[in-house]
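Participant: Shown below is the structure under consideration.
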Amino acid sequence: MKKLFCYFLLISLSVSAQKRNNFNFEIKGNTYTGIGNNYIADGTGTFTGFGIGLGFFVVKNFGLGFEFNNAYGKVKDPSVFGELRSPQWSSGEIYAFYRHPFSERFDAEGFIGSGFHSMVSKSNYSSKDFREGGSSFLLGAKALYSISSNKKVYVFASPKFYFLTNFTEMDDSAVQKYYAEPTLFNFSLGLRFYL
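All letters in the sequence shown, in the order written, are residues -17 to -1, 1 to 178 by mature numbering (1 follows the signal peptide of the UniProt record, and there is no 0).
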């Protein structure tokens, strides 16, 4: 009986997988800007870069996604950011999303997730790079528009907020919050391909 149930389950999953696009791959351009009262907002300019992602539907319109992002920035205030240059932001993320179709071509997604991040900067006083990192909580949305007749290629725009927790320890709690809990706003434009 268990084997029969497993066969029916596999057949129904494969039939439903053939009826719609379950897996996707994304490429995108990114900008990151520090917002609020923190060292990234005060010490650096806007970061620009790229990202790639994979996503798949788990149940109906609910799915999981994975992303890797990389961006490059400049130091605008060394008194805040330190005597460093050429900061490079990297992040890896996992998130859950819900997709809502508004029309035949237009869809929207909301997502929530977490991940890790790192920032590597060149030091003016050492041959070794300065590295910092931590964890992130993210919250965002995505507007998608199909540009192909078979709904396999979409363009998208996506705002996202990153609430970071850096591995930094300071004695003063106000300074600790300033350096250990920055917030970033991310905006990305890209293409999604359904496989």
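Backbone N, C-alpha and C define an ideal beta-carbon position, used for all residues, glycine too.
Could you name the residues of the same chain whose beta carbon sits closer than 6 angstroms to that of F49, not counting the 5 residues immediately before and after it, in chain order?
Facilitator: L37 and I77, listed in sequence order.
Participant: Skipping 5 residues on each side, what residues in its chain have a beta carbon closer than 6 angstroms to that of F170?
Facilitator: T14 and P142
Participant: Give me the Cβ distance between F40 and N5, rounded to the nearest whole Å; I'm assuming they're in contact under 8 angstroms.
Facilitator: 5 angstroms
Participant: Cα separation between S118 and L127?
Facilitator: 28 angstroms
Participant: Give me the Cα-Cα distance between L178 and K135, rounded to the nearest whole angstrom.
Facilitator: 7 angstroms
Participant: Could you pull out every residue in the same chain whose Cβ sits closer than 6 angstroms to the Cβ of V75, ignoring the five residues on either side in sequence?
Facilitator: What sits at residue 75 in the sequence shown is Gly, not Val. Within the same chain, G75 has close Cβ partners F51, G98 and F99.
Participant: Going by the DSSP bridge assignment, what does M153 pair with across the sheet?
Facilitator: None; M153 has no bridge partner.
Participant: When you compare only the Cα positions, how much space is there between P84 and L67?
Facilitator: Using only the alpha carbons, I get a separation of about 46 angstroms.
Participant: Since M153 contacts Y145 with CB under 8 angstroms, what's their CB separation in whole angstroms?
Facilitator: The Cβ separation is near 21 angstroms, so there is no contact.
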